[in-house]
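*Asks:*
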């Protein structure tokens with residue numbers, strides 16, 4: 003199911019009935035989040051993020067109030083600069099709608115490519131005549 007580029011992966015159909023309520027709860031949790039590391043992009047809300055980022059929302063199989071959200075930047079040719087907020091890292095968040103809490107599972111900067119260290123060349127032994 004897609005909603006403004008938000009891909010949802012629900013393991014059971016009961017959540018489909020509450021789709022809008024779940025999205026609104028997650029949006030409210032993102033806006034009111036106090037985590038400094040993610041506040042600069044979550045304060046805009048889920049719908050503003052979805053204009054330039056791929057949002058994948060996955061429900062937990064065991065806890066109906068627990069969701070995992072992945073945020074990835076779209077390709078450069080799809081970005082609307084009016085709504086772009088310089089989020090380059092990819093985030094994986096765990097959101098609990100029961101306690102209104104967010105936990106950062108991991109983050110990755112796809113623009114960071116360290117330069118590999120080249121293997122030193124072994125010196126050639128001089129041939130003795």
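Numbering (our numbering), first residue to last: 3 to 131. Idealized CB from N, CA, C, for every residue including glycine. These numbers were taken from a predicted model, which means no experiment stands behind them.
1) Please go through the same chain and pick out, in chain order, the residues whose beta-carbon is closer than 6 Å to the beta-carbon of residue 20, but skip the five residues on each side of it.
2) What first and last residue would you give for the beta strand (DSSP E) that runs through residue 75?
3) Should residue 65 be flagged as near chain C, meaning a C-beta pair shorter than 7 Å?
4) Between 75, 103, 53, which lies nearest to residue 36 when the distance is taken from Cα to Cα?
5) Could you tell me the distance, in whole angstroms, from the CA atom of residue 99 to the CA atom of residue 54?
6) Can you give the beta carbon distance from residue 25 to residue 48, rounded, assuming they're within the 8 Å contact cut?
7) What are the boundary residues of the beta strand (DSSP E) that residue 98 is part of?
8) So residue 34 is in the alpha helix (DSSP H); what residue range does that whole segment cover?
9) Alpha carbon to alpha carbon, how far is residue 22 from residue 108? Give it in angstroms, no decimals.
10) Can you grab the Cα-Cα spacing for the pair residue 97 / residue 32, in whole Å?
11) Measure the Cβ-Cβ separation of residue 51 and residue 71 and say whether it is below 7 Å.
12) Please check the pair residue 93 and residue 40, which I expect to be a contact at CB under 8 Å, by giving their CB distance rounded to whole angstroms.
*Replies:* Taking the structure as given:
1) none
2) 68 to 75
3) Of the protein chains in the structure, only one exists, and it is not chain C.
4) 103
5) 24 Å
6) 7 Å
7) 92 to 98
8) First-last for residue 34: undefined, no H or E at that position.
9) 27 Å
10) 9 Å
11) no
12) 7 Å
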